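The next block holds one structure in the form of structure tokens; read it before the comments.
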Amino acid sequence: MNYLIRDANILGEQRADVLIRDGVIAQIGTELSAEDATVVEAAGQILLPGLVDTHTHLREPGREDAETVLTGSQAAAKGGYTAVHAMANSTPVADTAGVVEQVYELGRKAGWVDVRPVGAVTVGLAGEQLSEIGAMADSRAAVRMFSDDGICVSDPLLMRRALEYVKAFDGVIAQHAQEPRLTEGAQMNEGETSAELGMPGWPAVAEESIIARDVLLAEHVDARLHVCHVSTAGSVEIIRWAKARGIKVTAEVTPHHLLLTDEKVKTFDPVYKVNPPLRRNEDVLALRAGVADGTIDVIGTDHAPHPSESKDCEWAQAAMGMTGLETALSIVQHTLVETGLLSWADVARITSTVPAQIGRLSDQGRPIAEGEPANLTLVDPEARWIVDPFAMATKGRNSPFAGMELPGAVRATFFHGHPTVLDGELASARSIDA
Amino acid sequence: MKHLISTRDLSRAEAIQILDVAEEMREAGTREVKKLPALRGRTVVNLFFEDSTRTRISFEAAAKRLSADVINFSAKGSSVSKGESLKDTAQTLLAIGADAVVIRHPASGAPARLAATDWIDLPIVNAGDGMHEHPTQALLDAFTLRRQLALRENVSPLGRGLDGLKVAIVGDILHSRVARSNLWLLRTLGAEVTMVAPPTLLPVGSGTWPCTISYDLDSVLNAGVDAVMMLRVQGERMKAAYFPNPREYSRYWGLDDARLGRLNAAGMDTLILHPGPMNRGLEISSAAADSDRALVLEQVTNGVAVRMASLYLLLSGDLTKESSL
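Keeping their order, the protein sequence lines are chains W and S.
Numbering-wise (my numbering), the first sequence opens with residue 1 and increments by one.
Numbering-wise (my numbering), the second sequence opens with residue 435 and increments by one.
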């Protein structure tokens with residue numbers, strides 16, 4: 001099938017028609033017509049390159065009650081994504097070629113987005129022995145990002161070796177920066193709110209000290225480091241310093257850390273329990289500024305679905321994590337575009353272009369130009385919608401934005417030329433043979 | 435007010451109403467027949483997920499003196515140890531026919547969660563949650579202080595706050611729900627609060643609390659306080675490096691014989707409170723605990739009266755209306 005996207009606003013910069021033929025952008029121009037193409041009216045809508053998530057938990061294999069590759073992929077498509085990096089903390093852990101190929105195949109069969117498995121840095125995420133990084137890199141899943149996400153690679157020597165070793169495979173270590181001793185039993189950001197609520201605190205320094213160490217290690221061995229879900233003002237400062245020094249570091253921020261603060265914990269509602277924790281308003285503002293000045297490179301959702309019983313309990317008992325795929329672009333618009341910090345072209349850079357580069361996805365995050373793969377997202381920036389977790393494609397009902405009115409709605413997603421989303425609703429999967 | 439979760443939520447009028455009703459309850463407790471019919475036919479569940487003999491029996495005595503039926507549920511040997519959720523436990527209690535739930539829980543916020551969710555629709559009394567709050571302890575401390583000062587001045591305590599009173603809270607502030615509940619309530623009632631602790635046992639973020647913070651117990655005592663609340667310090671804290679050893683803790687932050695002697699020598703009328711159970715020889719010496727200044731047993735007696743008042747107001751009265759027994 002061929003599609004003619006009519007009168008879209010490409011990156012908010014240029015109004016044009018876009019003709020998609022055989023999965024590729026065939027033509028960009030005005031007043032295009034193609035008799036064999038289905039017309040998608042896009043007046044007033046922004047056309048972006050398909051979103052690429054650097055940080056997704058699809059839960060399969062092992063926790064199919066929370067999410068499957070299929071449901072997570074559908075959620076991603078609905079959120080405007082055409083590729084996701086599936087984190088390694090499944091059961092079994094994605095620490096062998098077998099597991100990453102399994103996840104990769106499940107993604108291909110699902111057909112909603114490119115599912116790019118992330119390989120574990122250490123066997124079983126245990127932080128003791130390197131996983132078979134080479135075997136995962138050379139597998140059909142072609143893994144380039146490695147992470148023990150959920151757990152910090154805290155041993156400095158092991159982290160050094162991992163950074164060095166992945167260089168052989170053009171890989172990157174995505175670090176979950178959390179000093180384990182400083183966060184034993186930690187429940188929320190350590191500060192005024194934790195003092196009042198009597199919750200074991202999660203100090204900013206536990207994140208910042210690991211990032212400081214890791215950027216120096218990355219410099220020493222001249223390797224690529226990606227910092228997952230940066231959450232504090234101090235982390236932004238350290239990364240800004242590292243980049244000024246020429247260190248090969250990239251950084252990610254989640255949508256929820258761009259909007260929510262630890263004030264939310266006063267409700268004791270575990271929907272706000274997340275790792276890293278929600279921080280202070282000063283941190284939120286520093287993170288936004290970090291995105292605006294390029295210190296923070298990408299948005300990663302850290303989409304972390306949980307079954308309802310994992311949140312329908314007291315705070316200390318609850319699982320950490322929030323869903324995010326279907327709200328990410330709206331939060332980006334709300335916190336970064338409508339605040340005047342970013343243009344839509346910048347949004348494309350932080351949600352698609354650079355995420356694809358970090359993960360070395362050659363056919364994602366490409367320019368919107370003739371001859372490029374048709375991974376595209378149409379968003380209506382004027383739309384307003386009330387977040388209803390029960391109307392989402394993800395199995396997880398743990399959205400911290402439930403009940404909020406958010407701007408911007410994904411109207412269509414094209415995955416290699418196939419519309420996975422049309423009129424704001426899931427359309428159909430792309431055939432595995434396409 | 436439908437629940438008693440936090441002293442931070444209490445207005446001055448509400449707090450004073452509870453204290454005033456507790457005065458009536460205490461007076462009733464001195465009669466030959468201590469029992470009142472107020473909650474006859476009602477069932478109060480003591481839902482204790484954490485070991486506590488003192489608080490549990492105090493609530494039990496309070497409910498029974500109001501003629502309520504009491505069900506004691508403790509986590510040990512219950513279905514909780516088999517993995518039952520707080521939600522299911524709470525709904526089971528509702529199905530059994532509970533009219534109010536008194537809950538102690540190791541997780542901060544568990545009572546607030548019970549009150550906020552649609553799991554059950556019953557009055558919830560927080561009997562201590564994690565390191566968050568212990569509102570009835572703060573109320574009984576305030577009651578004890580108010581009553582003591584009224585006796586000293588030979589006036590009625592009814593309707594009064596604690597305006598201008600200087601109170602020092604000393605010890606493991608970081609882990610103490612008693613300290614937090616006392617801070618908010620004492621401030622609401624007009625008292626001035628000083629927190630005294632080693633820096634390791636003060637929470638990061640407490641700098642904005644409406645109190646003075648000091649590391650130096652001697653200077654605080656020498657400056658003169660009306661009351662000093664000694665908090666229990668658990669010896670296990672030493673293992674987590676909060677302080678080098680119990681002796682050093684006691685030397686710097688314990689109310690030991692030397693400090694008691696200096697209070698006596700200076701002729702100060704500083705009262706001593708302790709929520710119990712005491713570690714004699716650690717945060718408080720035996721001489722201090724047994725001195726005329728110590729109100730420790732008075733606190734226990736008053737605890738029953740304050741808990742009677744709380745249960746009564748939540749179950750049959752209205753905190754905003756004039757109470758009548």
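Where is the CB? At the ideal position from N, CA and C, for every residue including glycine.
All of these numbers come straight from a predicted model, not from anything done at the bench.
Note to self: Here's the rule I'm using: 16 or more other beta-carbon atoms within 10 Å means buried, otherwise exposed. How should residue 326 (chain W) be labelled?
What the structure shows: For the purposes of this step, residue 326 (chain W) is taken as the residue at position 326 of the first sequence. Under this definition residue 326 (chain W) is a buried residue.
Check: Is the segment 591 to 601 of chain S touching the segment 659 to 673 of chain S, taking contact as three or more C-beta pairs under 8 Å?
Finding: yes
Notebook entry, point to check: How long is the line joining the alpha carbons of residue 113 (chain W) and residue 607 (chain S), rounded to whole angstroms?
Noted result: Here residue 113 (chain W) refers to the residue found at position 113 of the first sequence. Here residue 607 (chain S) refers to the residue found at position 173 of the second sequence. Distance between the alpha carbons of residue 113 (chain W) and residue 607 (chain S) is about 52 Å.
Checklist line | residue 45 (chain W) beta carbon less than 8 Å from that of residue 77 (chain W) | finding: If you number the first sequence from 1, residue 77 (chain W) lands on position 77. If you number the first sequence from 1, residue 45 (chain W) lands on position 45. Cβ distance not < 8 Å, so residue 77 (chain W) and residue 45 (chain W) don't count as in contact.
Margin query: Suppose you measure from the CA of residue 102 (chain W) to the CA of residue 365 (chain W); what does that come to, to the nearest Å?
Written below: Taking the first residue of the first sequence as position 1, residue 102 (chain W) is located at position 102. Taking the first residue of the first sequence as position 1, residue 365 (chain W) is located at position 365. Spanning the two alpha carbons is a distance of roughly 24 Å.
Item checked: Exposed unless 16 or more other CB atoms sit within 10 angstroms - verdict on residue 358 (chain W) -> Within the first sequence, the letter at position 358 stands for residue 358 (chain W). With 16 or more other Cβ atoms within 10 Å, it is buried.
Check: Among W:306, W:324, W:237, W:405, which one has its Cα closest to the Cα of residue 212 (chain W)?
Finding: As a working note, residue 212 (chain W) is residue 212 in the first sequence. It is W:237.
Next item on the list: Using a threshold of 8 Å, state whether the C-beta atoms of residue 438 (chain S) and residue 560 (chain S) are closer than that.
Entry: Position 4 of the second sequence holds residue 438 (chain S). Position 126 of the second sequence holds residue 560 (chain S). Between residue 438 (chain S) and residue 560 (chain S), the C-beta spacing is below 8 Å.
Next item on the list: Please classify residue 423 (chain W): is it buried, with 16 or more other beta-carbons within 10 angstroms of its beta-carbon, or exposed?
Entry: For this step, residue 423 (chain W) is matched to residue 423 along the first sequence. Result: exposed.
Notebook entry, point to check: Is residue 218 (chain W) near residue 163 (chain W), with beta carbons less than 8 Å apart?
Noted result: By one-based count along the first sequence, residue 218 (chain W) stands at place 218. By one-based count along the first sequence, residue 163 (chain W) stands at place 163. Yes, the Cβ-Cβ distance between residue 218 (chain W) and residue 163 (chain W) is below 8 Å.
Next item on the list: Can you pull the chain W residues whose beta carbon is under 8 Å from the beta carbon of residue 521 (chain S), in chain order?
Entry: Counting from one through the second sequence, the residue named residue 521 (chain S) turns up at place 87. Going along chain W in sequence order, the residues near residue 521 (chain S) (Cβ under 8 Å) are 312, 313.
Margin query: Suppose the cutoff is 8 Å on Cβ atoms and the five residues either side in sequence are ignored; what does the same chain contact list for residue 756 (chain S) look like?
Written below: Residue 756 (chain S) sits at position 322 when you count from the first residue of the second sequence. Low local confidence applies: a pLDDT of 43 at residue 756 (chain S) is under 50, so the model's placement there is unreliable, with the coordinate-based value given in what follows. For residue 756 (chain S), where only same-chain residues beyond five positions count, there are no Cβ hits under 8 Å.
Margin query: Is residue 543 (chain S) close to chain W? Criterion is C-beta to C-beta, closer than 8 Å.
Written below: Against the second sequence, residue 543 (chain S) aligns to sequence position 109. Closer than 8 Å to some Cβ of chain W, the Cβ of residue 543 (chain S) qualifies, so yes.
Margin query: Going by DSSP in three states, residue 441 (chain W) sits in which element: helix, strand or coil?
Written below: In this structure chain W extends from 1 to 434, so residue 441 (chain W) is not present and cannot be described.
Notebook entry, point to check: Excluding five sequence neighbours on each side, which residues of the same chain lie with their C-beta closer than 6 Å to the C-beta of residue 758 (chain S)?
Noted result: As a position in the second sequence, residue 758 (chain S) is number 324, starting the count at 1. Any reading at residue 758 (chain S) must be qualified, since the residue scores a pLDDT of 42, below 50, and its modelled position is unreliable; no value is offered.
Next item on the list: Run through the segment 585 to 647 of chain S for me and flag every whole beta strand (DSSP E) of 3 or more residues, listed as ranges in chain order.
Entry: Runs found: 600 to 604, 626 to 630.
Next item on the list: Ignoring anything shorter than 4 residues or poking outside the segment 85 to 157 of chain W, list the alpha helix (DSSP H) runs there in chain order.
Entry: 97 to 110, 133 to 138
Next item on the list: Kindly list, in the order they appear in chain S, the residues whose Cβ is closer than 7 Å to that of residue 317 (chain W).
Entry: For the purposes of this step, residue 317 (chain W) is taken as residue 317 along the first sequence, with counting starting at 1. Within chain S, the residues near residue 317 (chain W) are 541.
Checklist line | Anticipated Cβ contact below 8 Å, residue 580 (chain S) with residue 591 (chain S), distance rounded | finding: Locating residue 580 (chain S) in the second sequence gives position 146, where the first residue counts as 1. Locating residue 591 (chain S) in the second sequence gives position 157, where the first residue counts as 1. Going by Cβ atoms, the distance from residue 580 (chain S) to residue 591 (chain S) rounds to 5 Å, so yes, they are a contact pair.
Notebook entry, point to check: Going by beta carbon distance, what residues of the same chain come within less than 8 Å of residue 678 (chain S), once the five residues before and after it are set aside?
Noted result: The count along the second sequence starts at 1 and reaches residue 678 (chain S) at position 244. Once the five neighbours on either side are set aside, the close Cβ partners of residue 678 (chain S) are 672.
Check: So what does DSSP say about residue 435 (chain S), is it helix, strand or coil?
Finding: Counting from 1 along the second sequence, the entry for residue 435 (chain S) is found at position 1. Residue 435 (chain S): coil per DSSP, three-state reduction.
Notebook entry, point to check: Where does residue 475 (chain S) land, buried or exposed, given buried means 16+ other C-beta within 10 angstroms?
Noted result: Translated into the one-based positions of the second sequence, residue 475 (chain S) becomes position 41. The residue is exposed, with fewer than 16 neighbouring Cβ atoms inside 10 Å.
Notebook entry, point to check: Counting only beta-carbon atoms, is residue 194 (chain W) nearer than 8 Å to chain S?
Noted result: Here residue 194 (chain W) corresponds to residue number 194 of the first sequence, with the count starting at 1. It does; some Cβ of chain S falls within 8 Å.
Note to self: Taking only three categories from DSSP, how would you classify residue 713 (chain S)?
What the structure shows: Taking the first residue of the second sequence as position 1, residue 713 (chain S) is located at position 279. In this structure, residue 713 (chain S) counts as coil in the three-state DSSP scheme.
Notebook entry, point to check: When the Cα atoms are used, what is the spatial distance from residue 378 (chain W) to residue 415 (chain W)?
Noted result: Position 378 of the first sequence, counting from 1, holds the residue named residue 378 (chain W). Position 415 of the first sequence, counting from 1, holds the residue named residue 415 (chain W). C-alpha separation (whole angstroms): 12 Å.
Notebook entry, point to check: residue 450 (chain S) to residue 620 (chain S), Cα distance in whole Å?
Noted result: In the second sequence, residue 450 (chain S) corresponds to position 16, counting from 1. In the second sequence, residue 620 (chain S) corresponds to position 186, counting from 1. One alpha carbon belongs to residue 450 (chain S), the other to residue 620 (chain S), and they sit about 11 Å apart.
Note to self: Tell me the DSSP secondary structure of residue 306 (chain W) in three-state form.
What the structure shows: Locating residue 306 (chain W) in the first sequence gives position 306, counting from the first residue. Looking at residue 306 (chain W) - three-state DSSP - the assignment turns out to be coil, as it is neither helix nor strand.
Checklist line | Enclosing alpha helix (DSSP H) for residue 331 (chain W) [first to last residue] | finding: For the purposes of this step, residue 331 (chain W) is taken as residue 331 along the first sequence, with counting starting at 1. It spans 328 to 332 - the alpha helix (DSSP H) in which residue 331 (chain W) sits, taken as one unbroken run.
Notebook entry, point to check: Does residue 420 (chain W) get closer than 8 Å to chain S when you measure Cβ to Cβ?
Noted result: Taking the first sequence and counting its residues from 1, the one referred to as residue 420 (chain W) is at position 420. With 8 Å as the cut-off, residue 420 (chain W) does not count as an interface residue toward chain S.
Notebook entry, point to check: residue 191 (chain W) CB to nearest chain S CB: under 8 Å?
Noted result: Translated into positions along the first sequence, residue 191 (chain W) becomes position 191. For residue 191 (chain W), the answer is yes, since a Cβ of chain S falls inside 8 Å of its Cβ.
Notebook entry, point to check: At a Cβ cut of 8 Å, what residues of the segment 257 to 268 of chain W count as close to chain S, listed as they run along the chain?
Noted result: If the cut-off is 8 Å between Cβ atoms, the segment 257 to 268 of chain W has 267, 268 near chain S.
Checklist line | Inter-residue spacing [alpha-carbon to alpha-carbon] between residue 21 (chain W) and residue 32 (chain W) | finding: On the first sequence, residue 21 (chain W) is found 21 positions in, with the first residue counted as 1. On the first sequence, residue 32 (chain W) is found 32 positions in, with the first residue counted as 1. Looking at the two C-alpha atoms, the distance is approximately 13 Å.
Item checked: Simplified DSSP assignment, three categories, for residue 385 (chain W) -> Looking up residue 385 (chain W) in the first sequence gives position 385. Correct three-state label for residue 385 (chain W): strand.
Item checked: Residue range of the unbroken alpha helix (DSSP H) whose run includes residue 447 (chain S) -> Here residue 447 (chain S) refers to the residue found at position 13 of the second sequence. From DSSP, the alpha helix (DSSP H) with residue 447 (chain S) extends over 446 to 463.
Note to self: Classify residue 315 (chain W): buried if its beta carbon has 16 or more other beta carbons within 10 angstroms, exposed otherwise.
What the structure shows: Locating residue 315 (chain W) in the first sequence gives position 315, counting from the first residue. Burial call: buried.
Notebook entry, point to check: Would DSSP call residue 245 (chain W) helix, strand or coil?
Noted result: Within the first sequence, numbered from 1, the residue matching residue 245 (chain W) stands at position 245. Residue 245 (chain W) carries a coil assignment under DSSP once its states are collapsed to helix, strand and coil.
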